[in-house]
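Read top to bottom, the protein sequences are chains A and B. Residues in the first sequence are numbered consecutively from 0, following numbering that gives the first Met the number 0. Residues in the second sequence are numbered consecutively from 0, following numbering that gives the first Met the number 0. Positions of the beta carbon are idealized from the N, C-alpha and C atoms, including for glycine. Owing to the predicted nature of the structure, the values given are computational and were not obtained by experimental measurement.
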Amino acid sequence: MTRALAVFTLLGALAACGPVQSTSYLIDADVQLEAARTAGAEKHAPYEWTAANLYLHQAREEVGRSEYEVAVDFAQKASSYANRARANALSAIKAGADATPATRP
Amino acid sequence: MLLPLLACGCASASKIRADSEIISAEIAQARRSGATRCAPRELAAAEANLDFAQAAVSQGASNRAEEHIQAADQAIKKALELSKDCEPKKEPVVVKVAEADRDGDGIPDSVDRCPDEPEDFDGFQDDDGCPEPDNDGDGVPDVVDRCPNTPGPAENAGCPIRDADGDGVPDDVDRCPNTPGPASNQGCPEEKTYKSVVVKDTRIEIKQQIKFKSGSAKIIGKDSFAILGEVAQALKDNPRIKRIRIEGHTDSVGGDAMNLKLSENRANAVMSQLIKNGIDPVRMEAVGYGKRKPIASNATAKGRAQNRRTEFNIVAE
Chain A
0 MTRALAVFTL LGALAACGPV QSTSYLIDAD VQLEAARTAG AEKHAPYEWT AANLYLHQAR
60 EEVGRSEYEV AVDFAQKASS YANRARANAL SAIKAGADAT PATRP
Chain B
0 MLLPLLACGC ASASKIRADS EIISAEIAQA RRSGATRCAP RELAAAEANL DFAQAAVSQG
60 ASNRAEEHIQ AADQAIKKAL ELSKDCEPKK EPVVVKVAEA DRDGDGIPDS VDRCPDEPED
120 FDGFQDDDGC PEPDNDGDGV PDVVDRCPNT PGPAENAGCP IRDADGDGVP DDVDRCPNTP
180 GPASNQGCPE EKTYKSVVVK DTRIEIKQQI KFKSGSAKII GKDSFAILGE VAQALKDNPR
240 IKRIRIEGHT DSVGGDAMNL KLSENRANAV MSQLIKNGID PVRMEAVGYG KRKPIASNAT
300 AKGRAQNRRT EFNIVAE
């Protein structure tokens, strides 16, 4: 009985790991995206900004389909694009340019 | 029942892979065309949807994959459209072939008349590629010629000798540098010679005295008028003589007052005659000195004759 309870608990913990982990990445991506917005990425880094938003949106959809692994992958990409968007926006503002060349993550 | 469904799924996956490859190629083309600058949002959408489609395929969700492929296709088409004129225009590369220039003066040998001698670039005929060591050809090399572009003798450092009066006789040999005159007279004006008159530096000398009626200021004798005619002509020929003083002198015979008055009257008479001969009165003044300025002894007849005289002294030039 005790053994069965332990196995049940372990399986339950493993089952809950995916949503928790993906949610964490989504939150992280959200934060990065907000930082990029604050830096003016929408105007100064439109490529990275668009990509970051699309990946974050898709990550959420994948969570809704319980495709946590894919969701984490897309959330990480969203974070990466958001990071680059922020950096590029800050550089562009510093250089006085309207935009900087887009780069892939 | 299951077999057609499986066959349909395989066919759909194949189509998606084929479409993905096409879109990937179009994405690459769009990037080359500058879509990152001209269509960044569309490019990002195409790339992201392609990625989503591949994920959907791996999940076995063909329908979702198809939707993402369509979205990627639309996005990349728009990106390509927006990037048509985005590619930075490349400037035509002009390859300049350096022309041969043996003397290194910057003038190519093909147009350099002296390809082995560098041009001196001294502002004189600098386009022909040849140095001109003596621009003015006066025999004085430019390096020591103070007037390299104007001929002049070496004695004057290569500069031309001035000709102030412009008579063509250089000042260094012009005895009258400020008065035009022919070279035959060393640059001085040729003085006319007169039968009875000589123009000297300080006076117009007459060779014969003007005769007056005794005790009177009346001029007599053709010779006297001829002499005055020549004096007038000399004044006309010598405009440099601005003013003369006509002096009347007597001998010592008679009273002082009478002699003084007589000499004044005779000087005035001479001046009147010169005026008649066309001389401007402004150029003359008449003065009677009486017997005060003898030039010979009044003790002899010859001396007294010498003292009775009329003089034409130049007082202004």
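| query | result |
| --- | --- |
| Burial state of residue 7/A (16 or more Cβ within 10 Å) | Here the model assigns residue 7/A a pLDDT of 49, short of 50, so the residue's position is not dependable and the matter cannot be decided. |
| Exposure label - residue 177/B; buried when at least 16 CB within 10 Å | exposed |
| DSSP-derived helix/strand/coil call for residue 168/B | coil |
| Start and end residues, alpha helix (DSSP H) containing residue 136/B | Looking at the DSSP string, residue 136/B is not in any alpha helix (DSSP H), and its letter there is neither H nor E. |
| Simplified DSSP assignment, three categories, for residue 193/B | coil |
| Spatial distance of residue 206/B from residue 166/B (CA atoms) | 32 Å |
| Selection of the segment 24 to 52 of chain A by Cβ proximity to chain B, strictly under 7 Å | 45, 46, 49, 50 |
| 6 Å CB neighbourhood of residue 284/B in its chain, flanking five on each side removed | 244 |
| Inter-residue spacing [alpha-carbon to alpha-carbon] between residue 48/B and residue 71/B | 5 Å |
| Contacting positions in the segment 41 to 54 of chain B - beta carbon closer than 9 Å to chain A | 41, 42, 43, 44, 46, 47, 48, 50, 51, 54 |
| Nearest candidate by alpha-carbon position, reference residue 279/B, set 270/B, 286/B, 81/B | 270/B |
| DSSP three-state assignment for residue 244/B, whether helix, strand or coil | strand |
| Contact check, residue 67/B vs residue 45/B, beta carbons under 8 Å | no |
| Same chain only: Cβ atoms within 6 Å of residue 146/B, ignoring 5 sequence neighbours per side | 157, 158 |
| Cut-off 7 Å between Cβ atoms - residues of its own chain near residue 56/B, not counting five sequence neighbours on either side | 12, 15, 64 |
| Candidates 105/B, 262/B, 41/B: closest to residue 114/B by CA position | 105/B |
| Exposed unless 16 or more other CB atoms sit within 10 angstroms - verdict on residue 12/A | Bear in mind that a pLDDT of 46 at residue 12/A, under 50, signals an unreliable position, so the model cannot answer this. |
| Test: residue 75/A CB closer than 8 Å to a CB of chain B | no |
| Contact list for the segment 52 to 69 of chain A against chain B, Cβ threshold 7 Å | 53, 54, 57, 66, 69 |
| Cβ-based burial, residue 258/B [other Cβ within 10 Å; buried from 16] | buried |
| Interface flag, residue 58/B vs chain A, CB-CB below 8 Å | yes |
| Neighbour list for residue 130/B in chain A, Cβ cutoff strictly below 7 Å | By Cβ distance, chain A contributes nothing, its closest Cβ being about 54 Å from residue 130/B, past 7 Å. |
| Any chain A beta carbon closer than 8 Å to residue 39/B | yes |
| Identity of the residue in 198/B, 42/B, 311/B nearest residue 24/B by Cα | 42/B |
| Neighbourhood of residue 144/B by C-beta, 6 Å cutoff - its chain only, sequence neighbours within 5 removed | 157 |
| Reduced DSSP category for residue 2/B - H, G, I as helix; E, B as strand; rest coil | With a pLDDT of 44 at residue 2/B, under the threshold of 50, the predicted position of this residue should be treated as unreliable, though the coordinate-derived value follows. Looking at residue 2/B - three-state DSSP - the assignment turns out to be helix. |
| C-alpha gap between residue 203/B and residue 229/B, whole angstroms | 10 Å |
| Rounded separation between residue 306/B and residue 168/B - CA only | 44 Å |
| CA-to-CA distance, residue 125/B to residue 191/B, given in whole angstroms | 53 Å |
| Residue closest to residue 154/B, alpha-carbon to alpha-carbon, out of 139/B, 26/B, 77/B, 164/B | 139/B |
| Cβ-Cβ distance between residue 51/A and residue 32/A below 8 Å | yes |
| Where the alpha helix (DSSP H) through residue 38/B begins and ends | From DSSP, residue 38/B is part of no alpha helix (DSSP H); its letter is neither H nor E. |
| Boundaries (first-last residue) of the alpha helix (DSSP H) holding residue 306/B | 300 to 306 |
| Residue span of the alpha helix (DSSP H) that contains residue 256/B, given as start and end | 255 to 275 |
| Residue 54/B versus residue 59/A - alpha carbon distance | 14 Å |
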